[in-house]
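All residue numbers for the sequence shown refer to numbering that gives the first Met the number 0, where the first residue is 0 and numbers rise by one.
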Amino acid sequence: MTKLTIFYDGYCPLCVKEMEHLKHSDANNSIALVDIQTSIIEQYPMIDAKEASTILHALDEQGHLILGLDVTYQAWSLVGKGWLYAPLRWKLVKPFADKAYLHFAKNRYRWSRLLTGKSRCNNGQCL
Numbered sequence: 000m001t002k003l004t005i006f007y008d009g010y011c012p013l014c015v016k017e018m019e020h021l022k023h024s025d026a027n028n029s030i031a032l033v034d035i036q037t038s039i040i041e042q043y044p045m046i047d048a049k050e051a052s053t054i055l056h057a058l059d060e061q062g063h064l065i066l067g068l069d070v071t072y073q074a075w076s077l078v079g080k081g082w083l084y085a086p087l088r089w090k091l092v093k094p095f096a097d098k099a100y101l102h103f104a105k106n107r108y109r110w111s112r113l114l115t116g117k118s119r120c121n122n123g124q125c126l
């Protein structure tokens, strides 16, 4: 049963890599992944693809919208690795982590190039 639906940027090599790693860790199939760069996004009228390209979006099983690092923490918690991301949600760390995340999200293609050697993906192929 899907407990979390994540809307990610399938053009971002680093994002794709993390989603593949997350899905590989999801033994219970609790997480559904939706690439905002595909027409599948049209099945989710409550998600604005342009807005979802600026900050990670997810819907929980009740249909509540979750954003940014809260998505990351929730997703990794579902696969038993939330402890790795819990410090990012601590009261004193959260504001700084959220600000750093927004910087990353805005510059994700540049960060992807630096960290993976690839700046963009298209049709499942990273260039």
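Beta carbons: idealized from backbone N, C-alpha and C, even for Gly.
CA nearest to the CA of residue i, picked from the options
{"i": "THR115", "options": "GLY81, ILE5, VAL15 and PHE6", "result": "VAL15"}
{"i": "GLN36", "options": "ILE30, ASP47 and ASN28", "result": "ASP47"}
{"i": "VAL92", "options": "MET0, TYR108, ASP69 and ILE40", "result": "ASP69"}
{"i": "GLY79", "options": "PHE103, ALA26 and TRP110", "result": "ALA26"}
Bridge partner(s) assigned by DSSP for residue i
{"i": "VAL33", "result": "PHE6"}
Within 7 Å, strictly: CB atoms of residue i and residue j
{"i": "SER38", "j": "ASP8", "result": "no"}
{"i": "ALA57", "j": "ILE5", "result": "yes"}
{"i": "LYS2", "j": "LEU77", "result": "yes"}
{"i": "PRO44", "j": "SER111", "result": "no"}
Three-state class that DSSP yields for residue i in the structure shown
{"i": "LEU66", "result": "strand"}
{"i": "ASP59", "result": "strand"}
{"i": "CYS14", "result": "helix"}
{"i": "ASP25", "result": "coil"}
{"i": "PRO94", "result": "helix"}
{"i": "ILE46", "result": "coil"}
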